[in-house]
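Student: The following block contains the structure, expressed as structure tokens.
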Amino acid sequence: MTAMTDSCPNCCQRGIAPAAEKRRGDSIVHGYQCPSCGHRWATSRLLSAYSEVHRARDERRRRPAA
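Going by the numbering used here, the sequence shown opens with residue 2, and the numbers climb by one from there.
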């Protein structure tokens with residue numbers, strides 16, 4: 002799976018890597034802390050949804066150019 006990053010909901014800094022990760026069944030919870038403003042938040046994502054997105058992206062990359 003591709004490394005997840007997020008944007009700070011407080012100051013909008015982009016590309017923040019998770020500070021913590023916990024898996025729960027078919028979901029993953031990432032905890033973040035913004036290095037700029039110190040704001041903390043968490044996200045929960047369904048892994049199955051992201052696997053479909055990444056699989057479709059990989060298939061498009063493997064197709065020969067027309």
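For each residue, glycine too, the CB sits at the ideal point set by N, CA and C.
1. From V30 to T44, what distance separates their C-alpha atoms?
2. From the DSSP output, in three-state form, read off S45 for me.
3. What would DSSP say about R64, mapped onto helix, strand or coil?
4. For R41 and R62, what's the separation of their Cα atoms in angstroms?
5. Hey, how far is the Cα of D7 from the Cα of P19?
Tutor: A quick look at the data gives this:
1. Using only the alpha carbons, I get a separation of about 6 Å.
2. strand
3. coil
4. In a straight line, the C-alpha of R41 is about 35 Å away from that of R62.
5. 8 Å
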